[in-house]
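Peer 1:
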Amino acid sequence: MSRPNLRRGLAYGVGMALPFAAAWAVAAAVLDLGAGLVLVAAIAGWLIGTAAALGAEPGTIRRTRGTVTLAVAVSLATWLAATVGAYVLGLAILPASTLPFLERMANAPFLDTLAQQFLPLGPLELGALALFGWLGAR
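Given below as structure tokens:
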């Protein structure tokens, strides 16, 4: 059995993750989707896990632990990228704000904003990404 090509798996996983992170940021910041993001997380996790696994080990049925771990890690990193994107986009399109963008960022730090928005759906989104990323890579 040959060793998995984790670099190619990472490239495939990130290639699938970037469009989902961008769509997630728009859905969270502009559309204020809320609970619908759990479904987006499940679909994203499955497709990212599948892409990472196919990139790392094409043509194999049973994946190695490293490949599955890579798929879950890329899936969870997608959540972080999407959350940062939603934060930046939300501040950029803030209605009726007279402050420059950097002052808006200073008035609403990322971690404070994350702490307010994380519960109750944040753990469900992370769980869906991890579970479906794992299932997609198996």
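Residue numbers (my numbering): 2 to 139. Even glycine gets a Cβ: it sits at the ideal position worked out from N, Cα and C.
Applying the criterion that 16 or more other CB atoms from any shown protein chain within 10 Å of the CB defines a buried residue, is A116 buried or exposed?
Peer 2: It is exposed - the Cβ of A116 has fewer than 16 other Cβ atoms within 10 Å.
Peer 1: Within 10 angstroms of the Cβ of P59, are there 16 or more other Cβ atoms? Answer buried if so, exposed if not.
Peer 2: Exposed, since its Cβ has fewer than 16 Cβ neighbours within 10 Å.
Peer 1: Taking T68 as part of the alpha helix (DSSP H), name the residues at either end of that continuous run.
Peer 2: Taken as a continuous stretch (DSSP letters only), the alpha helix (DSSP H) holding T68 covers R66 to A93.
Peer 1: Go through the segment 96-136 residue by residue and report every complete run of the beta strand (DSSP E) that reaches 3 residues or more, in order.
Peer 2: The segment 96-136 contains no whole beta strand (DSSP E) run of 3 or more residues.
Peer 1: Which class does T51 belong to by DSSP, given the choice of helix, strand or coil?
Peer 2: Residue state, collapsed to three classes: helix.
Peer 1: Look up R9 in the DSSP assignment and say whether it is helix, strand or coil.
Peer 2: DSSP places R9 in helix when its eight states are reduced to three.
Peer 1: As a quick exercise: from D113, R63, R64 and A18, pick the residue whose alpha carbon is nearest that of A43.
Peer 2: Comparing Cα-Cα distances from A43 to each of D113, R63, R64 and A18, the minimum goes to A18.
Peer 1: Does DSSP put L32 in a helix, a strand or coil?
Peer 2: Note: L32 maps to coil in three-state DSSP.
Peer 1: Among the residues of its own chain, which have a CB less than 7 angstroms from the CB of A15, if the five just before and after it don't count?
Peer 2: In the sequence as presented, Ala is not what sits at residue 15; that position holds Val. The residues are V75.
Peer 1: According to DSSP, is G16 helix, strand or coil?
Peer 2: G16: helix per DSSP, three-state reduction.
Peer 1: By how many angstroms is the C-alpha of A87 removed from the C-alpha of A26?
Peer 2: Going by the C-alpha atoms only, they are around 4 angstroms apart.
Peer 1: Determine the DSSP secondary structure at P62, reduced to helix, strand or coil.
Peer 2: A small correction: the amino acid at residue 62 is Ile; Pro does not occupy that position in the sequence shown. If DSSP states are grouped into helix, strand and coil, I62 belongs with coil.
Peer 1: Please tell me whether A57 and L71 are closer than 8 angstroms, where the distance is taken between their beta carbons.
Peer 2: For A57 and L71, yes; Cβs fall inside 8 angstroms.
Peer 1: By how many angstroms is the C-alpha of R64 removed from the C-alpha of F102?
Peer 2: In a straight line, the C-alpha of F102 is about 45 angstroms away from that of R64.
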